[in-house]
Amino acid sequence: MRETAYPPPPPLVREPLALGGISIPSRFFLSPLAGYTSLAFRLAVRECGGLGLASTDLVNARSLIEQRAKAFDLAETCAEDRPITIQIYGHVGEEMERAARQVVELGASIVDINMGCPVKKVVKTGGGSALMCQADAATALVERVVRAVDVPVTVKMRLGWDDQSLTAPGLARAFEQVGVAGVIIHGRTREQGFRGTVNREGIRAVVEAVERIPVVGNGDIRTLDDAEATFRETGCAAISIGRGALGNPFIFRQLAHWAEHGDPGPDPSFDERVNVMERHFHDLVARRGARLACFQFRKIIKWYNHLIRPPKAFYHRLINLETVARFDETVAMIRAEGPSAPLPGHFEPRIPVPTGPIDKW
Ligand SMILES: Cc1cc2nc3c(=O)[nH]c(=O)nc-3n(C[C@H](O)[C@H](O)[C@H](O)COP(=O)(O)O)c2cc1C
């Protein structure tokens with residue numbers, strides 16, 4: 131806990147929230163992070179508490195239709211993983227419609243359409259943020275998906291392609307008219323990639339453009355102060371957190387405590403932090419097998435390093451992880467030894483994002 135006062139939560143955060151007909155337990159959502167927001171991670175975050183809604187990584191609509199194993203791995207969910215958004219991307223109406231029906235069968239509480247992805251592989255096919263440049267086609271696509279399924283449909287997008295083309299407010303209004311239940315806005319343009327700061331005024335313009343659907347504000351929320359500023363400056367109904375949750379899976383619980391009591395509550399204990407990592411890893415092993423879990427965890431371990439601060443030698447054992455036994459042995463040592471430095475209560479995680487000229491992504 132810090133010495134200075136926390137900003138007061140807006141009264142709205144204690145009110146119930148619904149997206150379409152679905153009741154959402156809190157106004158703090160987990161954003162999709164391709165390569166990270168696996169079912170194992172989502173379940174670990176849910177166990178920490180406070181989460182309103184989680185999303186899968188983006189799933190290629192065509193890959194779902196072609197029954198590709200990778201697409202089903204990405205869309206995997208289970209009864210404890212509720213409410214869940216399954217996010218799909220593509221630009222062909224018929225494919226998106228079929229994929230949407232498929233993900234509902236797989237358990238999606240909500241179907242989300244990706245219109246924010248800036249990566250070349252996605253936009254060159256006309257999907258992701260490229261859709262934001264074609265209002266009529268994008269609206270027709272959204273309408274098709276809305277009509278295809280009986281669960282709520284949302285759209286996650288950026289502010290527009292670039293500063294000269296801030297199409298999000300107009301699109302959000304058009305999507306509302308064809309029946310979307312909410313929009314999630316990452317306050318950057320496609321041109322910006324992940325550079326610069328989030329434009330909260332841009333998110334506000336979307337809030338003002340729609341009539342009644344909830345707008346979810348997203349981008350660079352890592353602390354309670356960021357969360358409060360996002361609510362206050364944008365007027366959004368909920369917030370969504372991506373990278374901040376990797377460094378601090380307890381952020382939703384801290385936000386939920388803040389919503390009720392005005393502060394984030396006690397920092398998670400060392401044991402709680404180690405427990406989340408352990409659960410995340412063992413769940414990955416159970417779902418993906420030891421080899422893939424060890425491999426994936428080498429990348430994920432960085433975030434737990436911020437959270438747990440194990441002695442360096444143990445961290446290095448985990449970066450080079452090869453077996454489940456090695457993981458268990460190292461975790462037992464970490465528990466016995468305790469943290470090597472004071473544990474952070476707040477985090478500034480840095481996660482690798484695509485860099486360099488945007489056309490090369
Ligand atoms: C590694 C990485 C993967 C991402 N994958 C997705 C994705 O699959 N779908 C999507 O809509 N956004 C994706 N995003 C964007 C995030 O959901 C979010 O909008 C963005 O990171 C800003 O929020 P944050 O600052 O809280 O991370 C990704 C971002 C990163 C850094």
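Going by the working numbering, the first residue of the sequence shown is number 131, and it counts up by one from there.
Beta carbons are placed, not taken as given, at the ideal position from N, Cα and C, and that holds for glycine.
In this text, all values refer to a predicted model and were calculated from it rather than measured experimentally.
Rounded separation between residue i and residue j - CA only
i, j, result
"T186", "R132", "33 Å"
"I481", "I218", "23 Å"
"V346", "K286", "9 Å"
"S470", "A462", "15 Å"
"S153", "H446", "43 Å"
"L142", "R303", "22 Å"
"H497", "F159", "Outside the shown range of the chain, which is 131 to 491, sits residue 497, and nothing can be said about it."
"D355", "R330", "14 Å"
"C247", "A359", "25 Å"
"V283", "E235", "14 Å"
"V252", "G220", "8 Å"
"G377", "S399", "15 Å"
"G151", "P344", "12 Å"
"P497", "E227", "Residue 497 falls outside the range modelled here, since the chain spans only 131 to 491, and no answer is possible."
"V340", "R288", "16 Å"
"P539", "N190", "Past the edges of the chain, shown from 131 to 491, lies residue 539, and the structure says nothing about it."
"T269", "A298", "12 Å"
"A148", "D280", "15 Å"
"S370", "H412", "26 Å"
"I314", "A205", "19 Å"
"I240", "I214", "6 Å"
"I381", "E390", "14 Å"
"R465", "F457", "12 Å"
"G237", "H316", "25 Å"
Residues that DSSP places opposite residue i in a beta bridge
i, result
"I218", "V189 and I243"
"T284", "D242 and G312"
"I152", "L149"
"A368", "V346"
"P183", "Before going on, a small fix: residue 183 reads as Leu here, not Pro. Answer by DSSP bridge pairing, in chain order: F159."
"G237", "None, per the DSSP bridge assignment."
"G290", "T319"
Cβ-based burial, residue i [other Cβ within 10 Å; buried from 16]
i, result
"N348", "buried"
"I449", "exposed"
"G326", "exposed"
"G392", "exposed"
"R318", "buried"
"D293", "exposed"
"E306", "buried"
"E459", "exposed"
"V276", "buried"
"E145", "exposed"
"L163", "buried"
"C208", "exposed"
"A332", "Checking the sequence shown, residue 332 turns out to be Gly, not Ala. That one is buried."
"G165", "exposed"
"A455", "exposed"
"T453", "exposed"
"R428", "exposed"
"R342", "exposed"
"D266", "exposed"
"A135", "exposed"
"A229", "buried"
"R421", "exposed"
Taking contact to mean at least 3 C-beta pairs separated by less than 8 Å, is the segment 327 to 347 in contact with the segment 362 to 377?
In short, these stretches touch, since the Cβ pair count reaches three.
Three CB pairs or more closer than 8 Å across the segment 369 to 386 and the segment 412 to 427
For the pair of segments examined, the segment 369 to 386 was found not to touch the segment 412 to 427: the number of CB pairs separated by less than 8 Å stays below three.
Quick check: the segment 434 to 442 against the segment 188 to 203, are at least 3 beta-carbon pairs closer than 8 Å?
Contact fails: fewer than three Cβ-Cβ distances are below 8 Å.
Pair every Cβ in the segment 221 to 229 with every Cβ in the segment 249 to 263, then say whether three or more of these pairs are closer than 8 Å.
Because the criterion of three Cβ pairs below 8 Å is met, the segment 221 to 229 and the segment 249 to 263 touch.
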